[in-house]
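Reviewing the structure listed below.
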Ligand SMILES: *Cc1c(COP(=O)(O)O)cnc(C)c1O
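In this note's numbering, the protein residues as written are -19 to 371.
This is how it looks when you write it as structure tokens:
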């Protein structure tokens, strides 16, 4: 039998993040004291009132198919969130609830891109974007940035990258993996260009609520009616409500795109899990008090880790303004990011994600979604490791 794999699937890169994660888990299982900085998810539990709402829905027998794009109650709650927090007026028919924010991104790219299309992605990028673009048979166009510009693309860079084939520009602020946040002015400059050139924007705003140092988030969709019409907003419950395993994300799009995505979803996953959606309604309509204490805790860890990283000889690190990641530069230490992370794991049992996974080989990603004691221990070991590399 010839198990030939489709060109589409064969072109994918396997996830480096998962390889490191698998190795770290194996080492833990073998009884080693591994410190994990690899997590892309909050270390807090889902707030109780959200769990209660889902548990009640389950007990009440809310266990059947729902409309494939989500229950009306949840789509309305999402529309209300956009109005309340972002000043964006969507009809519930423009909102699609999917099986995670990742699925929302995938649906958008599949619905809007095809062979011959170019998708502009600033790097460092969330590692799934380019692979999704390839799955759609379109071409990722990577715009590299460095820590010198806090990992932000300039309007000039974007202008030069736009061609008649450009279909989509992917904006992710606050950013995974860098924690950098575009200011409202920077967002406007990029958004204006996309409007001028007729380029759609996929704005991944899943870290909207995780901000520090008084940083503000501005949705590009909220700048004007024209920006609104050029933007698809991606969001989800994973990060601000710590619901990663629930698999619930959502998007808000111009009507024709929402309609296309509704059709795609109706023939692929159908609805996201029925009772999980009831939990999501509680997440949006219930108390947001958990966020305050989470943010205080993240902020404490961030400040500690940022200072400690910069105290390590050979490492420099810009501070993050959002999300829960730091992205230190390790290029002075003489190893590429894959070697660096592999040796760090082997010698000091510290798991971090090599920057090359995000298109930036001079950096590693440190997640501070882990307890303070872990952070102290892990960074002390990183310090020792870096000293061992110094000539
Ligand atoms: C976590 C994350 C998502 C969505 O994750 P889901 O678990 O699929 O909801 C989307 N974009 C970025 C940049 C993320 O870090």
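The beta-carbon is built from N, C-alpha and C at its ideal position, and this holds for glycine as well.
- In this structure, ligand 1 has a non-hydrogen atom nearer than 7 Å to the beta-carbon of residue 106.
- Counting only the Cα atoms, residue 93 lies some 8 Å from residue 148.
- Between residue 21 and residue 224, the C-beta spacing is below 8 Å.
- Going by C-alpha positions, residue 124 is about 19 Å away from residue 318.
- When the beta-carbon positions are compared, residue 257 and residue 54 come within less than 8 Å of each other.
- Rounded to the nearest whole angstrom, the C-alpha separation of residue -13 and residue 206 is 37 Å.
- According to DSSP, residue pairing for residue 152 in a beta bridge involves 184.
- Here residue 364 has 328 as same chain residues with Cβ atoms under 7 Å from its own Cβ, once five neighbours each way along the sequence are excluded.
- If you draw a straight line from the Cα of residue 357 to the Cα of residue 280, it comes to about 16 Å.
- Looking at the DSSP output, residue 102 sits in a beta bridge with 123.
- Annotation for residue 132: 125, 160, 162 and 166 place their beta carbon closer than 7 Å to its own, counting only its chain and skipping 5 residues before and after.
- Assignment of alpha helix (DSSP H) within the segment 303 to 351, counting only whole runs of 4 or more residues, yields 317 to 328 in chain order.
- The C-beta distance from residue 351 to residue 343 rounds to 23 Å, too long to fall under 8 Å, and the pair is not in contact.
- Note on geometry: alpha-carbon atoms of residue 249 and residue 79 lie some 8 Å from one another.
- The beta carbons of residue 110 and residue 120 sit about 4 Å from each other, so the pair counts as a contact at 8 Å.
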